[in-house]
Amino acid sequence: MKLFNCVHVGAKEISPLRVFGIFFIPNQIHQFGVYVYSTPKFATTKNIVFMTWKELFISSIGKKLVMGLTGIFLITFLIVHAGINACIFADLPFFNSEDNGEMFNKAAHFMGSTVLIRIMEIGLFAGIILHIVQGYLLELKNRQSRSVAYAKPMGNDGSKWYSRSMALLGTLILLFLIIHLGHFWVSARFTHNGLEPVVYNGVVMHDMFSLMKVTFTEAWVVVVYLLGCIALYFHLMHGFTSAFRTIGVSNKKYLLLLNSIGAGYSFIISALFALMPVAIYLNWVG
Amino acid sequence: MEHKHINLKLEVWRQQNSKAKGDFESYEVKDISTEMSFLEMFDVLNERLIKEGKDPIAFDHDCREGICGMCSMYINGRPHGPWEANTTCQLHMRAFNDGDTIVVEPWRANAFPVIKDLVVDRSAFDRIIQAGGYVSVNTGNAVDGNAIPIEKDKADAAFAAAMCIGCGACVAACKNSSAMLFTSAKVSHLALLPQGDPERKSRVVNMIAQMDKEGFGACTNTGACEAVCPKEISISNIARLNAEYLSAGLTS
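Read top to bottom, the protein sequences are chains A and B.
Numbering follows the working numbering, with no gaps: position 7 of the first sequence is 770.
Numbering follows the working numbering, with no gaps: position 226 of the second sequence is 239.
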């Protein structure tokens, strides 16, 4: 089999010039008389790619891919979460109903009692843990790549503060998440602390709505939740588009669209979540 | 533009060699013409230091017209100084005012160790290029460059990526010291053209493997690299690099 005759220019010759353009264009290589040689072995070994899954996922781009994909997965989860929780707003006087949390309790009961969703919950926790662990590993490696800091850092020149603070924002969200799971998830799934039974159409359910009402009577809890929402907003403002860039969306048309959707999504989701403790604290609902 | 002469205070990073611990040293430079380039101002200072029997400040430079990618100073918190889309050699002293203090540091990245003062070793970039920045051609007569039809927008995008002069400002600006903008420019440049097709997969895989080996950080899409690039290489090249890498990795 006839193999390629390769053109290869050693870095020894080229580095003092640092003119990379020269050795990309074959015709110019001939003109410049740069050393040209034929290496069939080179063509057979280097040009055949085989990457194992391990190699793919431990490369810098593979690690980013894990962050991006788990990020997009968590973005879709937040839509479901915000949608279910927004059922508490059925009790707003605006809707002129005597809902008193019925819609929300039914939705929460569906989520808690459906086998498929409970299986997906395991996937959700796997996604969250992967996102957290990978995020910290990447942050650690990135920090290690510059041992001596600049005396005069660039600051916001060229990049947004929140795009440089994803690990910090993520940590704030993680702290919030621990408090938040302690408030609701642990109680709903395991301890049933503070959960009264409520019966709708003959079905006994947990009264999650009342638990929310009790939890958000304390001002400090409301403040912590608002801070969590602010951290989430900025984390999403960067994370949404960044995730799509990481999975390889380079088309300008789609990137512009994703920027707008990302900004809209970040604001709507964070504002919706923030409104929930506020609405309960101020007795708009319940 | 009004021609003035200004006096400045410089805070310059001095480091004897890669092993030594460096520190800032202050210099007063007087009567500097605003028409001088930033490097010419350093030439004036160095001549004075030589006359005084002191060690002149080592800095990288070559063409002094913004095309070689040799100059590499981090000036007042920004690679290549305050102006956009220009290299240090194209930066002129009219960018500064009389009495200003200018802080000059070398590129900071563990993959770019300081050789002396403001000179860093950027051979990591050369090794990334060696790993895959070439195309295969059959030996024999040179092929007519216009024989292969190429879409105009692809040719333009390839050329825009090929503008990269490998100065390393992207690494210097990145909070992660990531070489992703450089590598993406080199990969995009060839991946967009039919001539680059035979090694399309091996190129991106080998260049990223080399990039990781050199100790650069990963990309977090902050955009600082794009903002300081003297050749205005777009960050969209990084998204293209990701797509190229993932398709090579997943299909090989």
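Cβ atoms here follow ideal geometry from the backbone N, Cα and C, with glycine treated the same way.
Nothing here was measured: the structure is a model prediction, and the numbers come from that model.
| field | Where Asn-89(B) meets chain A, residues with beta-carbon distance less than 9 Å | value | Lys-915
| On the three-state DSSP scale, how would you describe Glu-959(A)? | In the structure shown, Glu-959(A) sits in coil (DSSP, three-state: anything other than H, G, I, E or B).
| message | Between Tyr-258(B) and chain E, is any beta-carbon pair separated by less than 9 Å? | response | No chain E is present in this structure, whose protein chains are A and B.
| field | Three or more C-beta pairs below 8 Å linking the stretch 984-995 of chain A and the stretch 888-908 of chain A | value | no
| query | With burial defined as no fewer than 16 other Cβ atoms inside 10 Å of the residue's Cβ, what is the status of Lys-226(B): buried or exposed? | reply | exposed
| request: Run through the stretch 872-956 of chain A for me and flag every whole alpha helix (DSSP H) of 4 or more residues, listed as ranges in chain order. | output: 878-907, 924-927, 929-943
| query | If you draw a straight line from the alpha carbon of Phe-1036(A) to that of Lys-817(A), how long is it in whole angstroms? | reply | 38 Å
| Looking only at C-alpha atoms, which of Glu-245(B), Ala-155(B), Lys-188(B), Gly-145(B) sits nearest to Ala-204(B)? | Gly-145(B)
| query | How would you list, in chain order, the residues of chain B whose beta-carbon sits under 8 Å from the beta-carbon of Asn-968(A)? | reply | The sequence given here places Met at residue 968(A); Asn does not occur at that position. None at all; the shortest Cβ gap to chain B is about 43 Å.
| query | Across which residues does DSSP place Asp-130(B) in a beta bridge pair? | reply | In the DSSP output, where bridge partners are listed per residue, Asp-130(B) has none listed.
| Burial state of Asn-790(A), where buried means 16 or more other Cβ atoms lie within 10 Å | Residue placement at Asn-790(A) is poorly supported in this model, since its pLDDT is 38, which falls under 50; the coordinates still yield a value, given next. By the neighbour-count rule (16 or more Cβ atoms within 10 Å), Asn-790(A) is not buried but exposed.
| task | Flag this pair as yes or no: are the beta carbons of Met-968(A) and His-872(A) separated by less than 9 Å? | result | Yes.
| message | For a test of your reading of the model: does the CB of Ala-849(A) fall under 8 Å from any non-hydrogen atom of the ligand FMN? Yes or no. | response | The ligand FMN is not among the ligands present in this structure, which contains no ligands whatsoever.
| task | Give the residues from the stretch 118-129 of chain B that approach chain A closer than 8 Å (Cβ to any Cβ), ordered along the chain. | result | Glu-118, Arg-121, Ala-122, Asn-123, Ala-124
| message | Which of the three DSSP states is assigned to Asn-123(B) in this structure? | response | coil
| query | Going by C-alpha distance, which of Pro-243(B), Thr-264(B), Glu-257(B) is nearest Pro-95(B)? | reply | Pro-243(B)
| field | Where Met-814(A) meets chain B, residues with beta-carbon distance less than 8 Å | value | Within chain B, the residues near Met-814(A) are Val-218, Ala-261, Gly-262, Ser-265.
| request: Go ahead and label Ile-824(A) buried or exposed: buried means 16 or more other beta carbons lie within 10 angstroms of its beta carbon, across all protein chains shown. | output: buried
| query | Taking Cβ positions, are Ala-251(B) and Arg-927(A) nearer each other than 9 Å? | reply | The question names Ala, but residue 251(B) is Ile in the sequence shown. No, these two residues do not count as a Cβ contact at 9 Å.
| How do the stretch 85-94 of chain B and the stretch 142-161 of chain B stand: do at least 3 beta-carbon pairs fall below 8 Å, yes or no? | no
| task | Check Phe-138(B) in the structure and name its three-state DSSP category. | result | helix
| request: State the Cα-Cα distance for the pair Thr-264(B) and Thr-815(A), rounded to the nearest angstrom. | output: 11 Å
| request: Please state if the CB of Ala-173(B) and the CB of Cys-183(B) are separated by a distance shorter than 9 Å. | output: no
| task | Keeping to the same chain, check which residues put their C-beta closer than 7 Å to that of Gln-794(A); ignore five residues upstream and five downstream. | result | In this prediction, Gln-794(A) scores a pLDDT of 37, lower than 50, which makes its location untrustworthy; no coordinate-derived value is stated.
| chain B beta carbons: is any one of them nearer than 9 Å to that of Met-1000(A)? | no
| field | Contact belief for Leu-841(A) with Ile-1032(A) at Cβ below 8 Å, rounded distance in angstroms | value | 5 Å
| message | Using C-beta distances below 7 Å, list every residue in its chain close to Trp-26(B), excluding the 5 sequence neighbours before and after it, in chain order. | response | Gly-35, Phe-37, Val-117, Glu-118, Pro-119, Asp-130, Leu-131
| task | For Asp-862(A), I'd like the list of residues in its chain whose CB is within less than 7 Å of its CB, leaving aside the five on either flank, ordered along the chain. | result | Excluding sequence neighbours, Asp-862(A) sits near Ala-853, Asp-854.
| Best match in Glu-212(B), Leu-58(B), Lys-32(B) for proximity to Leu-23(B) [C-alpha to C-alpha] | Leu-58(B)
| query | Would the beta-carbon of Ile-851(A) fall within 9 Å of that of Met-1039(A)? | reply | yes
| task | Could you tell me which residues DSSP pairs with Trp-26(B) in its beta bridges? | result | Phe-37(B)
| field | Unbroken stretches of the alpha helix (DSSP H), 4 residues or longer, contained in the stretch 808-843 of chain A | value | 816-821
| said: Check whether chain B comes within 9 Å of Leu-937(A), counting only Cβ atoms and requiring the distance to be less than that. | reply: No - not a single Cβ of chain B is within 9 Å of the one on Leu-937(A).
| message | Any beta carbon of chain B sitting closer than 9 Å to that of Ile-777(A)? | response | Residue placement at Ile-777(A) is poorly supported in this model, since its pLDDT is 38, which falls under 50; the coordinates are not used for a value here.
| said: Please report the straight-line C-alpha distance between Ser-876(A) and Glu-884(A), rounded to a whole angstrom. | reply: Ser-876(A) and Glu-884(A) have their C-alpha atoms roughly 12 Å apart.
| query | Would the beta-carbon of Leu-745(A) fall within 9 Å of that of Leu-958(A)? | reply | Any answer about residue 745(A) is impossible in this case: the structure gives chain A only from 764 up to 1049.
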